[in-house]
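Asker:
There are 2 protein chains.
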Amino acid sequence: MLPSSLDELIEALRCLPSVGPKSAQRMAYHLLQRDQRGAARLGQALAHALEVLRHCERCNTFSEETICQRCANPRRDASLLCVVEMPADLAMIEQTQSYSGLYYVLMGRLSPLDGVGPRELRLDKLIARAHDGKVQEVILATNFTNEGEATAHTVASLLTARGLKVSRLSRGVPVGGELEHTDTGTIAQALVERRTV
Amino acid sequence: MLPSSLDELIEALRCLPSVGPKSAQRMAYHLLQRDQRGAARLGQALAHALEVLRHCERCNTFSEETICQRCANPRRDASLLCVVEMPADLAMIEQTQSYSGLYYVLMGRLSPLDGVGPRELRLDKLIARAHDGKVQEVILATNFTNEGEATAHTVASLLTARGLKVSRLSRGVPVGGELEHTDTGTIAQALVERRTV
Ligand SMILES: [Zn+2]
Ligand SMILES: [Zn+2]
Numbered sequence: 001m002l003p004s005s006l007d008e009l010i011e012a013l014r015c016l017p018s019v020g021p022k023s024a025q026r027m028a029y030h031l032l033q034r035d036q037r038g039a040a041r042l043g044q045a046l047a048h049a050l051e052v053l054r055h056c057e058r059c060n061t062f063s064e065e066t067i068c069q070r071c072a073n074p075r076r077d078a079s080l081l082c083v084v085e086m087p088a089d090l091a092m093i094e095q096t097q098s099y100s101g102l103y104y105v106l107m108g109r110l111s112p113l114d115g116v117g118p119r120e121l122r123l124d125k126l127i128a129r130a131h132d133g134k135v136q137e138v139i140l141a142t143n144f145t146n147e148g149e150a151t152a153h154t155v156a157s158l159l160t161a162r163g164l165k166v167s168r169l170s171r172g173v174p175v176g177g178e179l180e181h182t183d184t185g186t187i188a189q190a191l192v193e194r195r196t197v
Numbered sequence: 001m002l003p004s005s006l007d008e009l010i011e012a013l014r015c016l017p018s019v020g021p022k023s024a025q026r027m028a029y030h031l032l033q034r035d036q037r038g039a040a041r042l043g044q045a046l047a048h049a050l051e052v053l054r055h056c057e058r059c060n061t062f063s064e065e066t067i068c069q070r071c072a073n074p075r076r077d078a079s080l081l082c083v084v085e086m087p088a089d090l091a092m093i094e095q096t097q098s099y100s101g102l103y104y105v106l107m108g109r110l111s112p113l114d115g116v117g118p119r120e121l122r123l124d125k126l127i128a129r130a131h132d133g134k135v136q137e138v139i140l141a142t143n144f145t146n147e148g149e150a151t152a153h154t155v156a157s158l159l160t161a162r163g164l165k166v167s168r169l170s171r172g173v174p175v176g177g178e179l180e181h182t183d184t185g186t187i188a189q190a191l192v193e194r195r196t197v
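Going down the list, the protein sequences come from chains G and W.
Mapping to UniProt numbering: the first sequence position 20 is 20, numbers consecutive.
Mapping to UniProt numbering: the second sequence position 104 is 104, numbers consecutive.
1) Check G:R70 in the structure and name its three-state DSSP category.
2) Taking G:R26 as the query, report the chain W residues whose CB atoms sit under 8 Å from its CB, ordered along the chain.
3) Mind checking G:G163: buried by the 16 CB within 10 Å criterion, or exposed?
4) Nearest-angstrom Cα distance between G:N146 and G:E8?
5) Can you tell me which residues form a DSSP beta bridge with W:R103?
6) Report the three-state DSSP secondary structure of G:D132 (helix, strand or coil).
7) Less than 8 Å between the C-beta atoms of W:Q96 and W:A12, yes or no?
8) Are W:V116 and W:L140 close, meaning C-beta to C-beta below 8 Å?
9) Does any C-beta atom of chain W lie closer than 8 Å to the C-beta of G:S5?
10) With a cut-off of 5 Å, give the chain-ordered residues whose Cβ is closer than this to any heavy atom of ligand 1.
11) Measuring only the C-alpha atoms, how far is W:N143 from G:R26?
12) In chain W, what lies closer than 8 Å to G:S63 by C-beta?
13) Compute the Euclidean distance between the alpha carbons of G:A161 and G:L126, then round it to the nearest angstrom.
14) On a CA-only basis, which of G:L53, G:S18 and G:Y99 is nearest W:S23? Give me that one, please.
15) Determine the chain G residues that contact W:M86 at a beta-carbon separation under 8 Å, and present them in chain order.
16) Is G:Q33 close to chain W? Criterion is C-beta to C-beta, closer than 8 Å.
17) Consider the Cβ of W:L126: report whether some Cβ of chain G lies at a distance smaller than 8 Å.
18) Taking 7 Å as the limit between beta carbons, can you name the residues of its chain near G:R119, skipping five residues before and five after?
19) From this set, G:G133, G:P174 and G:Y99, which residue's C-alpha is nearest G:K165's C-alpha?
20) By a C-beta neighbour count over all protein chains shown, 10 Å radius and 16 as the cutoff for buried, is G:R54 buried or exposed?
21) Run the CB neighbour count on W:A168, radius 10 Å, all protein chains shown included, and call it buried at 16 or more, exposed below.
22) If you measure beta-carbon to beta-carbon, which residues of the region 92–108 of chain W are closer than 8 Å to chain G?
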């Protein structure tokens, strides 16, 4: 009953997380009726991001370069490698201004129920990265949720088995909490009190 | 701190209704990390919809043609014109299968607080449409919310002043309710019991 281009737009909006049919319809009408400039901007931003964004070969976060600026910065301490789940977690740790090492962004977490195991999470890439000969300590800063803890446990086993020193953020972060929603003071404290595992 | 293309995508996603910064960030990571095909599809759907969709010159709904198929259908009863707020409302009335007249879609409602008055809602276009010489009765099927009722009241005044018969859906629709969330049986009854205003 709807024009096919409108139907397709509503369907396409459903690829956004937690957007159902009613919500997609509302979004489509809003964009077409009230914000055509925003719609054009979004279309272009999607196309551009898909074209230029890749994963940094060293830290795995989104980057427009092969090696991102942070990894290429010689003033960062290359002996420390902090492992986080998502770029938002990295941003929170940077905001504490109490860490000057490098990062590895998993871009997810182990989640057996969703079919995300060590292979899907490409933990082999992290292991290779941690063995560059410069890293002295790997700091696990995955979330303190069940999945984040399981991920930290698995990563710790893999890395200690290969002779690396591995530490975990101290439990200053509330159990069950997520980094993204924790105040930077608590995160800073958890960094200082990190414990060897 | 983020690559500019990623920053721009997150900003652009905020043009979607009720999407804040955290939510936009989550959407961007989801699209780039888990659903690049969906992202490409959405980008193309936006560009295509913006390119081909216009408003039907007769009923004002979204259409890829100058006159939409419904308005061009000679089997619809051209003596009845049903006024609704949004295409979703039109779809609900069509689903009742108890109406064979034509429609006019306001694409909104009077909302003085949001700066939407009779001029912004282009009620002049509705008045012109209703005076095509064929329309015998205008059925007001705006929502039974405060804004929908106010819209119906204003439209009724404008049209009756020009000698047209105007009716309103009966109050089978719950007061304060929205068509989109009403069962079709209730809407069908409200159509039958519509009252002249
Ligand atoms: Zn990097
Ligand atoms: Zn039409």
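Cβ coordinates follow ideal geometry from the N, Cα and C atoms, glycine included.
Answerer: Taking the definition as stated:
1) The count along the first sequence starts at 1 and reaches residue 70 of chain G at position 70. In this structure, G:R70 counts as helix in the three-state DSSP scheme.
2) Translated into positions along the first sequence, residue 26 of chain G becomes position 26. Per Cβ cutoff of 8 Å: P17.
3) In the first sequence, counting from the first residue as 1, residue 163 of chain G sits at position 163. By the neighbour-count rule (16 or more Cβ atoms within 10 Å), G:G163 is not buried but exposed.
4) Taking the first residue of the first sequence as 1, we reach residue 146 of chain G at position 146. Taking the first residue of the first sequence as 1, we reach residue 8 of chain G at position 8. So the two alpha carbons sit approximately 38 Å from each other.
5) As a first step, residue 103 of chain W is located in the second sequence; it is residue number 103 there, counting from the start. Before going on, a small fix: residue 103 of chain W reads as Tyr here, not Arg. Answer is W:C82.
6) Looking up residue 132 of chain G in the first sequence gives position 132. G:D132 falls in the coil class under three-state DSSP.
7) The residue labelled residue 96 of chain W in the question sits at position 96 within the second sequence. The residue labelled residue 12 of chain W in the question sits at position 12 within the second sequence. The residue asked about is misnamed: residue 96 of chain W is Thr in this sequence, not Gln. No; because the gap between Cβ atoms is not below 8 Å, this pair is not in contact.
8) As a position in the second sequence, residue 116 of chain W is number 116, starting the count at 1. As a position in the second sequence, residue 140 of chain W is number 140, starting the count at 1. Going by C-beta atoms, W:V116 is not nearer than 8 Å to W:L140.
9) By 1-based counting over the first sequence, the position of residue 5 of chain G is 5. True, the Cβ-Cβ gap to chain W drops below 8 Å.
10) G:C56, G:R58, G:C59, G:C68 and G:C71
11) One-based indexing of the second sequence puts residue 143 of chain W at position 143. One-based indexing of the first sequence puts residue 26 of chain G at position 26. The straight-line gap from Cα to Cα measures roughly 16 Å.
12) What you label residue 63 of chain G is simply residue 63 of the first sequence in a count that begins at 1. In chain order: P3.
13) In the first sequence, residue 161 of chain G corresponds to position 161, counting from 1. In the first sequence, residue 126 of chain G corresponds to position 126, counting from 1. Answer to the nearest angstrom: the Cα atoms are 14 Å apart.
14) Counting from one through the second sequence, the residue named residue 23 of chain W turns up at place 23. It is G:S18.
15) Residue numbering aside, residue 86 of chain W sits at position 86 when the second sequence is read from its first letter. Chain G residues near W:M86: Y29.
16) Position 33 of the first sequence holds residue 33 of chain G. Yes, because at least one Cβ of chain W sits closer than 8 Å to the Cβ of G:Q33.
17) Residue numbering aside, residue 126 of chain W sits at position 126 when the second sequence is read from its first letter. So no, W:L126 is outside the interface.
18) Walking along the first sequence from the start, residue 119 of chain G turns up at place 119. So the list is empty, once near-sequence residues are dropped.
19) Looking up residue 165 of chain G in the first sequence gives position 165. Selected option, being the one with the closest Cα: G:G133.
20) For the purposes of this step, residue 54 of chain G is identified with residue 54 of the first sequence, where counting begins at 1. That one is exposed.
21) To locate residue 168 of chain W, count along the second sequence from 1; it is residue 168. First, the residue type needs correcting, since residue 168 of chain W is Arg and not Ala in the sequence shown. Result: buried.
22) E94, M107 and G108
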